[in-house]
Amino acid sequence: MSSPDTTPALAAEQDCGISLTIEQHDHVVELDLAVPGIQGPPGPPGPGGGGYHTHVQTTPALVWTIPHPLGRRPAAVAVEDLDGFEIDALVERPTEHLVIIMLGAATAGRAHLS
496 MSSPDTTPAL AAEQDCGISL TIEQHDHVVE LDLAVPGIQG PPGPPGPGGG GYHTHVQTTP
556 ALVWTIPHPL GRRPAAVAVE DLDGFEIDAL VERPTEHLVI IMLGAATAGR AHLS
């Protein structure tokens, strides 16, 4: 729908995109739309992902030092006591192979890394 005060203009730009300019009263809106062209070559494979590791801390401790085989810093670390209740903890990921969990009281439990 266009009114007498609206003047749309379309222009193709070398098969790479479309520019749309709409002028209405004192306002001008310009919109550039990309149109897919020739697809380039595939990129290199991404880093390995997925996987999880569960650490069981049988001896109560304030600090749990957890070496793990994930080969990356885990995005999520869930800490629970031996009864399965979630525990608030400070989690550090200093390297791709190590997680350190600091607790408010010496606790035994599990850490789920993913």
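Just so we're aligned: the sequence shown equals residues 496 to 609 in my numbering. Where a beta carbon is used, it is the ideal one built from N, C-alpha and C, also for glycine.
From the DSSP output, in three-state form, read off residue i for me.
i	result
G604	strand
G599	strand
L593	strand
Let's see if you can read the secondary structure: which residues bound the beta strand (DSSP E) around residue i?
i	result
A556	548-562
R588	585-590
D576	572-576
Based on the DSSP output, what are the partners of residue i in its beta bridges?
i	result
Q534	Paired residue(s): none; Q534 is not in a bridge.
H520	Answer is none; H520 lacks a bridge partner.
Next on the checklist: Any contact between the stretch 527-537 and the stretch 545-555? By contact I mean 3 or more CB pairs, one from each, below 8 Å.
Outcome noted: no
Checklist entry - Does the stretch 570-579 touch the stretch 587-606, meaning 3 or more C-beta pairs lie closer than 8 Å? => result yes
Next on the checklist: Pairs of beta-carbons, one from the stretch 559-575 and one from the stretch 515-529, closer than 8 Å: are there three or more?
Outcome noted: No: fewer than three Cβ pairs fall under 8 Å.
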